[in-house]
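Shown next, in structure tokens, is the structure this report addresses.
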Amino acid sequence: MAESPSAVSVRQICIECGLPVASLYTEYGVGHIRLTQCEHCKSFADKYVEHDVIIMFIDMLLHKPQVYRHLLVNKLEFRRAYIEKNVGKLGILLILFSVYIDWFRLEEGGRLRAQSELLFGKQHSFALQYLFILILSAIDAASLLVGILLASAIHQRSLMQVRWWATVSTALIISSFGKVLMILLVIWEYNESYYPWLLDFLVFTSHSSAVSVLFDIHVIWAGLVVVFSMAFKQLVHLVFLSVSSLLFA
1 MAESPSAVSV
11 RQICIECGLP
21 VASLYTEYGV
31 GHIRLTQCEH
41 CKSFADKYVE
51 HDVIIMFIDM
61 LLHKPQVYRH
71 LLVNKLEFRR
81 AYIEKNVGKL
91 GILLILFSVY
101 IDWFRLEEGG
111 RLRAQSELLF
121 GKQHSFALQY
131 LFILILSAID
141 AASLLVGILL
151 ASAIHQRSLM
161 QVRWWATVST
171 ALIISSFGKV
181 LMILLVIWEY
191 NESYYPWLLD
201 FLVFTSHSSA
211 VSVLFDIHVI
221 WAGLVVVFSM
231 AFKQLVHLVF
241 LSVSSLLFA
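The letter at position 169 of the sequence shown is residue 169 when you use the UniProt record's numbering, and the numbering goes up by one with no holes.
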């Protein structure tokens with residue numbers, strides 16, 4: 001990895017060429033700004049300063065690295081030592097989405113097997129079932145973050161990356177927008193089993209794009225980092241299920 005989040009967080013860059021710039025824009029008054037032109041590529045240093053959320057969301061769907069450079073490098077409130085409040089709320093919302101989707105999948109699986117039980121073949125209260133899936137979803141999210149940090153630490157042979165957990169968390173939360181689209185699979189009936197897999201692949205590729213920008217590495221290497229973190233998450237997931245099965249047995 002060429003640069004760590006710590007190196008990225010001390011300056012702003014041109015979203016087109018990735019080279020440092022002195023500023024993103026010049027302010028001439030309230031509501032009046034002039035975008036800075038990059039000295040290296042002659043493009044505007046950060047056009048997203050004047051773009052709204054809809055444009056950025058579309059470009060995220062298109063996996064444009066420029067939008068991730070704007071969000072993860074140039075946006076000052078996303079470069080702090082803690083998770084920005086609105087990003088944290090989005091992270092909680094994504095976990096609740098995951099709970100709902102997992103619950104739906106478990107119910108569908110039980111219906112196909114003509115079973116009403118959700119947890120380890122036994123009937124449990126609604127509150128206990130929901131709490132279990134909520135904890136499992138939170139553990140999955142945390143283990144994915146730990147997997148990214150662990151892969152970074154192994155690559156750079158240093159534990160300094162752990163200090164930037166908030167930056168990596170922000171990258172993972174922002175690039176998890178594909179999970180919101182999964183709610184459409186619940187609202188509208190679908191008969192194709194590969195739809196959820198396509199959305200999972202969208203989340204994987206968007207994670208790879210975000211990690212590539214955050215650590216300034218090729219997207220293929222970023223994909224390998226995400227694969228490692230997903231494997232780590234799956235391992236933690238299985239261990240948690242194994243321990244839980246003993247407790248609920």
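Even for Gly, the Cβ is constructed at its ideal location relative to N, Cα and C. Owing to the predicted nature of the structure, the values given are computational and were not obtained by experimental measurement.
- Of the candidates A151, I92, Q66 and I174, the residue whose Cα lies closest to the Cα of A222 is A151.
- Per DSSP, reduced to three states, the secondary structure at V30 is coil, with no helix or strand assignment.
- The region 215-233 and the region 124-135 do not touch, with fewer than three beta-carbon pairs separated by less than 8 Å.
- Taking the Cβ atoms as the reference, S143 lies roughly 17 Å from S175, outside the contact range of under 8 Å.
- Take the alpha-carbon of V21 and the one of L76: they are about 14 Å apart.
- With contacts defined by Cβ atoms closer than 9 Å, R69 and I154 do not form a contacting pair.
- Y130 sits in a helix when the DSSP states are folded into three classes.
- Distances from the alpha-carbon of L93 to those of F78, F204 and I183 put I183 closest.
- Where G18 is concerned, there is no enclosing alpha helix (DSSP H), because DSSP gives it neither an H nor an E.
- Note: Q156 is not bridge-paired with any residue in the DSSP secondary-structure output.
- In the structure shown, the three-state DSSP call for F44 is strand.
- A straight-line Cα-Cα distance of about 22 Å links G18 and A166.
- Of the candidates T205, W188 and R163, the residue whose Cα lies closest to the Cα of L172 is T205.
- Q66: member of the alpha helix (DSSP H) spanning P65 to R69, first to last residue.
- Contact between I83 and T170 holds, with the beta-carbon distance rounding to 6 Å and staying under 8 Å.
- Checking the DSSP bridge columns, you'll see Y25 partnered with L35.
- W188 carries a coil assignment under DSSP once its states are collapsed to helix, strand and coil.
- Residue environment for Y48: buried (at least 16 other C-beta atoms within 10 angstroms of its C-beta).
- Note on geometry: alpha-carbon atoms of L24 and A45 lie some 6 Å from one another.
- Here N74 is buried: its Cβ has 16 or more other Cβ atoms, across all protein chains shown, within 10 Å.
- Here K233 really is in contact with D140; their C-beta atoms are around 6 Å apart, less than 8 Å.
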